[in-house]
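Read the structure below first, then the notes.
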Amino acid sequence: MRILGVTQGSNLRVFLRLSEMLKAPLSLSEVSAYVADSQEFYALASQEAALADGTFPLLKEWEITGNGLRRQPDWAALGRWEAVLGDPVLWNALLADRRIFFGKRCKLRQDYGPRFSYIQMYGIIQEAIERIAGFLDTHRPDLILGFGTSTFGDYLLYRFAKAQGIAYLQLKATKIGNYVALNDDAIHLSHHIARRIDDPEGMPEAAVDIARRHLVRIRERGVRYEGALKSTTRLRPLRGIFGGIRGLARDLKNRLHPVVGQDNHVESAMFNALYGHILQPIRWMGVQLHLRGKLLGARDLVQLRPYTFFPLHFEPEVSLQVFGRPFQNQIELIRHLALSLPAGMQLVVKEHPRALGFRPSGYYRKLLEIPNVLMVDPLMSTHAVIGQAALVAVISGSTGLEAAVLGKPVVTFGIPTYGNLPSSMVRQVVSLHATASEIRDLLASYRLEEDALERFFAANVLGAVPVDLYSVLLAKTGRHNEGREGLSSEERRAQDYSALAEYCCSRIRDELARAERNGT
0 MRILGVTQGS NLRVFLRLSE MLKAPLSLSE VSAYVADSQE FYALASQEAA
50 LADGTFPLLK EWEITGNGLR RQPDWAALGR WEAVLGDPVL WNALLADRRI
100 FFGKRCKLRQ DYGPRFSYIQ MYGIIQEAIE RIAGFLDTHR PDLILGFGTS
150 TFGDYLLYRF AKAQGIAYLQ LKATKIGNYV ALNDDAIHLS HHIARRIDDP
200 EGMPEAAVDI ARRHLVRIRE RGVRYEGALK STTRLRPLRG IFGGIRGLAR
250 DLKNRLHPVV GQDNHVESAM FNALYGHILQ PIRWMGVQLH LRGKLLGARD
300 LVQLRPYTFF PLHFEPEVSL QVFGRPFQNQ IELIRHLALS LPAGMQLVVK
350 EHPRALGFRP SGYYRKLLEI PNVLMVDPLM STHAVIGQAA LVAVISGSTG
400 LEAAVLGKPV VTFGIPTYGN LPSSMVRQVV SLHATASEIR DLLASYRLEE
450 DALERFFAAN VLGAVPVDLY SVLLAKTGRH NEGREGLSSE ERRAQDYSAL
500 AEYCCSRIRD ELARAERNGT
């Protein structure tokens, strides 16, 4: 059996460890990888002989990008590839990758200006398609194993798998506790979970009990899942200055490296420190002055009812770039939503905690110019804002799921995995022309179906495995993590790799069997 891993950054480390653990039980004859982020790659290659000596087949994204920037697109050839891979257009692969479609500082401040030109973008995409096609022809993987859809390579390999009938699985957080699942689709609900939802008679009572416990926790304190970023707006000048100095040294070292210095994945450590600890907190202070007297508090919400709640998404984010592609302009979607509400109902908007100090004050001014739009204090609990709302509207994201659990009608514009909950609870707006009528009908016909929630949560629990993917295996800092305080980092890592490998072995076998039954 041959497996191709699609990795970025520290995902490569997890994939290498998993492939070692799966080699014997799955009789792996070849393991290859698509890799992005040269800085992480070279750091890992110094520890992994298989990466350093060239025996591990690799397709390197930084080489694709470098070559793509120097070529002129062949529009006829791209048109033929688009017909096969496009879904339906190749822009979707470009939009999925913030490092291509957005500005150089897009993770630090609002920066919509693309880093590359139109010609450069399509040069990169054509280079990627041709290199991926050749790599697949050479290595012929039986399975493509992904870790996300945040790079153009992630997205293109997902589309190649679907087009060529290659089994595909993506490791993804369910956002239910610390459960992660290997899903057979990068965008839509995985078949292995949907099948369990549709078979209530075959649902084990133990899974239902776990689901009920999660529902109780969400109703008590809101959605909290492993890996979620902890946000802070504290001004830390000393940390910013010293971090900036260390970051400058690291940036200079990277700049001198012939590969890392040219890789668009490698961000400035100096700017990250300065923005995170100094500039963003100062910008948020300025925005707060501009919004003084304009932000609602808890008492205001009680007096305001009924209202619809819309949580802003952080940008760029997969929730928008992949699951909500038509809604890149959140201001205009909010304007549309506000004009679709029944008489007497206002729209309450809340900024994403990660975006404090990220957007300019003019962004909020435009929002508040819409007649029936109000803003709530972004530091107020989202759980509390949902609790007072008559309706919750989202593009996608976990706030919609939390609202459904709390017994609130939910309108979605994107493609969340919980979109398969009954339409009496969660209503997807397919056409913007129908938004007002969908809202009116949902408010009139809303019905909480507890058994549907239990099946959804139980199916996700059954189809997933509890491991701390982000905080332990990927060792990402500033992430939510609960439990196992008495264990060392090494003990938790060993437990999680063992559980994940056993789960992956089972899911891969199931998916290959399903693919064989379907004749792919």
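Okay, so the sequence shown: first residue is 0 according to numbering that gives the first Met the number 0, each after it adds one. Here a beta-carbon is modelled for each residue, glycine too, at the ideal position from N, C-alpha and C. Quick caveat: nothing in here was measured; it's all calculated off a predicted structure.
Exercise for the section: Using only alpha-carbon positions, find the residue among A403, D141 and S497 that is nearest to G418. Expected result: Of the candidates A403, D141 and S497, A403 places its Cα closest to the Cα of G418.
Practice task
Measure the alpha-carbon distance for L170 versus R216 and round it to whole angstroms.
Solution key: 25 Å
Exercise for the section: In the DSSP assignment, find the unbroken beta strand (DSSP E) run with Y445 in it and report its ends. Expected result: It is not in any beta strand (DSSP E) - Y445 carries neither H nor E in the DSSP assignment.
Exercise for the section: Answer yes or no: do V348 and F313 have a C-beta to C-beta separation smaller than 8 Å? Expected result: Remark: C-beta atoms of V348 and F313 do not approach each other more closely than 8 Å.
Problem - Alpha-carbon to alpha-carbon, A342 and N253 - result: 57 Å
Handout entry: Chain-order list of residues whose beta-carbon lies under 8 Å from that of I520 (same chain, five-residue window excluded)
Key = Residue 520 is absent from the model: the chain starts at 0 and stops at 519.
Practice task
Leaving aside the five residues before and after A172 along the sequence, list all residues of the same chain whose C-beta is less than 6 Å from its C-beta, in chain order.
Solution key: V179 and G226
Handout entry: Reference P465, options A193, K475, Y224 and E331, closest by Cα
Key = Put simply, of A193, K475, Y224 and E331 the residue whose alpha carbon is nearest the alpha carbon of P465 is Y224.
Exercise for the section: Could you give the DSSP three-state label for Y111: helix, strand or coil? Expected result: In this structure, Y111 counts as coil in the three-state DSSP scheme.
Handout entry: Residue(s) in a DSSP beta bridge with V409
Key = V391 and V425
Problem - For V258, three-class secondary structure by DSSP - result: coil
Exercise for the section: Please confirm whether V460 and A206 have their CB atoms less than 8 Å apart. Expected result: yes
Problem - Given A272 as reference, the closest of V258, L237 and R291 once Cα atoms are compared - result: L237
Exercise for the section: Please classify M0: does DSSP put it in a helix, a strand, or coil? Expected result: coil
Practice task
Just tell me which of D376, A392 and P359 has its CA closest to the CA of L340.
Solution key: A392
Handout entry: Residue span of the beta strand (DSSP E) that contains G145, given as start and end
Key = L142 to G145
Practice task
Please confirm whether I186 and L234 have their CB atoms less than 8 Å apart.
Solution key: No; because the gap between Cβ atoms is not below 8 Å, this pair is not in contact.
Practice task
Measure the C-alpha to C-alpha separation of L58 and T411 and round it to an integer number of angstroms.
Solution key: 37 Å
Practice task
Using the DSSP secondary-structure output, state which residues sit across from Y178 in a beta bridge.
Solution key: Looking at the DSSP output, Y178 shares a beta bridge with P465.
Problem - Candidates P421, G102, A433 and R506: closest to Y445 by CA position - result: P421
Practice task
Could you work out which residue in L27, R291, G122 and Q345 is closest to G67 when comparing CA atoms only?
Solution key: G122
Exercise for the section: Using only alpha-carbon positions, find the residue among P203, G275, L346 and P415 that is nearest to F322. Expected result: P415
Problem - First and last residue of the uninterrupted beta strand (DSSP E) at S37 - result: First-last for S37: S37 to A44, but that is the alpha helix (DSSP H), not the beta strand (DSSP E).
Exercise for the section: Pick out the complete alpha helix (DSSP H) segments inside the region 319–393, 4 residues or longer, and give them in chain order. Expected result: 329–337, 360–367 and 381–387
Exercise for the section: Please say whether S149 and D184 have beta carbons closer to each other than 8 Å? Expected result: no
Practice task
Indicate whether H264 and R98 have their beta-carbon atoms separated by less than 8 Å.
Solution key: yes
Handout entry: Boundaries of the beta strand (DSSP E) in which F308 is found, first to last residue
Key = Y306 to P310
Practice task
Kindly identify the DSSP beta-bridge partner or partners of Y224.
Solution key: G176
Practice task
Please determine, among S505, V471 and K475, the residue with the shortest C-alpha to C-alpha distance to E490.
Solution key: V471
Exercise for the section: Could you tell me whether any non-hydrogen atom of the ligand ZN is closer than 7 Å to the CB of G343? Expected result: Looking at this structure, you won't find the ligand ZN or any other ligand, since it has none at all.
Exercise for the section: Could you work out which residue in M374, V83, I385 and N182 is closest to A458 when comparing CA atoms only? Expected result: N182
Exercise for the section: Drop a sphere of 10 angstroms on the beta-carbon of Y306, count the other beta-carbons inside from all chains shown, and report buried for 16 or more, exposed for fewer. Expected result: buried
Practice task
Pull up the CB-CB distance for L3 and I128, whole angstroms please, since I reckon it's below 8 Å.
Solution key: Not a contact, Cβ separation roughly 16 Å.
Exercise for the section: Ignore the nearest five residues each way along the sequence and tell me which others in Q38's own chain have a CB closer than 6 Å to its CB. Expected result: V259 and V265
Problem - Member of Q329, L94, S436 and M374 whose CA lies at the smallest distance from the CA of V286 - result: M374
Exercise for the section: Examine the Cβ distances between the region 10–20 and the region 487–507 and report whether three or more of them are shorter than 8 Å. Expected result: Segments in contact, yes.
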